[in-house]
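Residue numbers (my numbering): 1 to 216. Take a look at the structure set out below.
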């Protein structure tokens with residue numbers, strides 16, 4: 001007899017569809033390079049140097065023997081660490097996926113840099129900058145996602161009013177009983193026998209005893 005397969009967990013297939021994952025990775029990568037482009041442009045304008053795409057897609061500008069190289073490394077840490085942590089919290093919002101998206105982001109950047117320059121990065125400063133950016137993004141994004149997930153959810157309604165009413169009702173049984181009777185009359189409910197209001201809240205009725213002969 002063939003072994004029965006275990007049914008999938010509810011929502012497992014629709015939880016992380018491949019198209020959604022690819023779109024989120026593409027959005028993070030676009031934000032990564034857009035932020036790097038803005039930061040590099042601002043830096044070269046302040047420093048009075050010439051801008052070129054090698055600053056964004058290359059690796060030789062990040063080096064440890066010049067002040068400009070240290071500045072480029074700090075920019076990549078700021079971009080890939082702090083800014084991407086904020087982007088992951090906003091776009092992903094799940095702490096258990098932070099590590100995957102953060103490492104995928106920097107792995108794709110490594111591939112892009114390798115193809116653009118035609119060789120694997122050789123500067124140790126570049127590798128240290130990418131490692132520091134990955135660690136910062138994972139740490140900050142994990143903390144941000146957990147903080148966001150632990151925030152209380154407000155569903156609205158009259159929760160505060162009902163709570164206050166419950167506390168006030170515990171002070172005296174007579175007052176709560178009177179409030180209950182008033183509420184029943186307003187809503188059209190009746191208790192016991194005799195005169196009362198109809199269910200629709202309008203008119204009156206009177207209960208009468210039926211003779212035993214009428215039921216025969």
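Idealized CB from N, CA, C, for every residue including glycine.
Buried versus exposed, by CB contacts within 10 Å (16 or more), residue i
i           : result
residue 39  : buried
residue 36  : buried
residue 101 : buried
residue 32  : buried
residue 23  : exposed
Of the residues the options, the one placed nearest residue i, counting alpha carbons only
i           : options            : result
residue 25  : 123, 87, 132, 125  : 87
residue 57  : 151, 106, 138, 146 : 106
residue 147 : 95, 84, 53         : 95
residue 67  : 85, 43, 93, 90     : 43
residue 108 : 144, 134, 71, 78   : 134
residue 254 : 34, 131, 53        : Coverage of the chain is limited to positions 1 through 216, which leaves residue 254 absent and any answer about it impossible.
residue 125 : 71, 47, 62, 90     : 62
residue 143 : 85, 71, 121, 79    : 85
residue 231 : 71, 65, 64, 27     : Shown here, the chain extends from 1 to 216; a query on residue 231 therefore has no answer.
Cα-Cα separation between residue i and residue j, rounded to whole angstroms
i           : j           : result
residue 136 : residue 127 : 14 Å
residue 50  : residue 60  : 15 Å
residue 55  : residue 153 : 44 Å
residue 20  : residue 29  : 14 Å
residue 149 : residue 17  : 21 Å
residue 252 : residue 151 : Missing from the structure shown is residue 252; the chain here goes from 1 to 216 and no further.
residue 132 : residue 34  : 20 Å
residue 77  : residue 139 : 13 Å
9 Å Cβ cutoff met for residue i and residue j
i           : j           : result
residue 141 : residue 113 : no
residue 81  : residue 123 : no
residue 92  : residue 145 : yes
Contact with chain B by residue i, beta-carbon distance below 9 Å
i          : result
residue 77 : Considering every chain present, this structure includes no chain B. It has just one protein chain.
At which residue ranges does the segment 41 to 90 contain complete beta strand (DSSP E) runs of 3 or more residues, listed in the order of the chain? none
Which ranges would you report for the alpha helix (DSSP H) in the segment 115 to 147 if only whole runs of at least 4 residues count? none
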